[in-house]
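Notes for the one structure printed next.
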Amino acid sequence: MASGAEFYAYPWDLSDEGVDAAATILSQTLGPGGGVLLALSYHVSTYFSPHNPRRKLYYGEEGAVYFVPDESLYADTAMRPLVSHVVTGSNYMPDLVRGLQRHDLRFSAWAVYFYNHHLPQAFPDVARRDCFGEPYLAQVCPAAPAARHYAIALTRDMLRHGPAAIQLESLSYLPCRYGFRNPKVLVDIAPYHEFLLGLCFCPHCLTAAQAGGVDADLLRRDVATYLDVALAVEPAATLMEADLTEQIDVAFNGRLVQYLEVRTETATSLFEQVAATVHDAGAEATFFGSLDRQVTGLDRQRVLRCIDAVYTRILGAAEELPATVSHLRQDLPDVRLVSIAAPGASSNETRARIEAEAAAGVDGFAFYTYGLLRRTQIDWIGAAREVWTDNTKDGVAE
Ligand SMILES: [Zn+2]
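In this note's numbering, the protein residues as written are 781 to 1178.
Put into C-alpha cells, the structure is as follows:
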C-alpha cells in the first residue's frame, strides 16, 4: 500500500484552531488518502506556532500525554503518564480523532516513549543511571520492569483511540546527550568516552547483565575509573576520530561487548512486545529513530521484522537522492520508506524536492509539522500534492 502523504501535528494546534478548520486545511493540502500523525505522547520542547490563533509560543510540558489515560491499564506499573494541561477532558482526544476522520484523514499516533523528563523525576527507579550513579532526568531505562509494563500500558492506552498506526519513537536506550537542556558543554568529549558515559548502569541493567553471566559491578567500576581519568584531560585528536566499534570490541577484557549483548536483548525484546501489541490491535507499527545497536540496544534485523514502515529524513542534494534512497532500501528491506519532509524556500523548490524524492523511490511523505509551519509553506506543500496523489492512484509508489 502506498502511504501517500501525512502531516505530523500537535494536538493543541488542532484544538486551538478548531479541529474542523484545521482538518479542512490538512485534507485539502494532502488530497485523497491523506493522514495525520498526531502526537499522543510527547517530549518537552518550546514551540513557535505561527498560525495558531490562540498562542504563538507553547512552553511544552515535561513529557506528557495528550489524552486522559485509562488508569485500569496501568495496574502492572507504579508509573502514570503526566497529562498535558491542554487536555480539557476525556473527550479531548476522541473529539480530535473524530474531527480528522470526518475529513477522511487517516489518524495515526505519534508516540515518544522513553525520552521523557517527567517520568524519571516522578519515578526515580526507572531513570537511566551512568557509571557514576548519576540519574539522567530525561531518559527512562528499558530494563526497569515498571518501565516495560508502562510502555505496554501506554501503547494499549493509545490504541483505545483507534489509530491506523503507532509511530514508535525512543522506545530503546538513548544517546548520552538526548534530553540535555541548554547544555553547558564547553570542552570536547571523545565519542568513545561519550558512549561510555551514555551507558546505563542502573540496578535493573546490572541485574540483567549479571543474570547473563557478566560481572556488571566490576564493569561499572572499571568504566567509572577509566572515565574519571579520561574525561579530565583533553582527548587526543586520534581519539576524536577513532572507530567506536574497534574500541568497544577490545575494551574491558571483552566485558563491554558482553554487557552490550544483554542490553540488546533488553531493548529489542521490549520493542518486539510493543510492536506485537500494536499489531494485535490491527494497527501498523512504524518507526522513527536510530538503529545504532551499540547506542540504542535495538537489533536492526529484529526491529525490521516487526515494523511496517520507517520514517526518516532523506538528506543530500537532488542528484544524490537515487543513491541515497537505494542505500536506505538496502539497509531497510521489506518496510515502507517514508520521507520526513519539509518545505523548501519557495513553492517551486518545495515541489522539485518532493518530485526528486518520489522519483528516487520513497513510498510516501510525512510533513513536519502542521503547527510549526506558516500557511504559505503549507500551501507550497499542497501545490505539489499531485506528486503523491498520482503515485497513490497508479500504484507507482508501491
Ligand atoms: Zn538501566
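Glycine included, each C-beta is placed from N, C-alpha and C at the ideal position.
Item	Value
Start and end of the beta strand (DSSP E) containing Y872?	Note, Y872: premise wrong, no beta strand (DSSP E); alpha helix (DSSP H) at Y872 to R882.
Given a cut-off of 8 Å, decide if Y953 and A989 are closer than it, judged by their beta-carbon atoms.	no
Are F903 and S950 closer than 8 Å when you measure CB to CB?	no
Sorted by chain position, which residues of the same chain lie with C-beta nearer than 6 Å to R1000's C-beta, five sequence neighbours on each side aside?	C911 and F981
First and last residue of the alpha helix (DSSP H) that includes A803?	V799 to L810
I need the DSSP call for L1112, collapsed to helix, strand or coil.	coil
Put T857 into one of helix, strand or coil per three-state DSSP.	coil
Relative to ligand 1, what is the chain-ordered list of residues with a Cβ closer than 6 Å to any of its non-hydrogen atoms?	R908, C921, A923, C980, C982, H984 and C985
Measure from the alpha carbon of T826 to the alpha carbon of each residue in H984, T1169 and K836, then state which is nearest.	K836
Please list the terminal residues of the continuous alpha helix (DSSP H) segment that includes E949.	Looking at the DSSP string, E949 is not in any alpha helix (DSSP H); the run it does join, the beta strand (DSSP E), is A945 to E949.
Pop quiz: L876 and L818 are said to be a contact at Cβ under 8 Å. What is the actual Cβ separation, rounded to whole angstroms?	7 Å
Quick check on this structure: which residue in P900, Y839, H941 and R1154 has the alpha carbon closest to the alpha carbon of A927?	P900
State the DSSP-derived secondary structure class of F894, mapped to helix, strand or coil.	coil
Thinking C-beta only, is A923 closer than 8 Å to H831?	no
Tell whether a beta-carbon distance below 8 Å holds between T1130 and F787.	no
Alpha carbon to alpha carbon, how far is A844 from A931? Give it in angstroms, no decimals.	14 Å
Taking its Cβ as the centre, do 16 or more other Cβ atoms sit within 10 Å of E1021, making it buried, or is it exposed?	exposed
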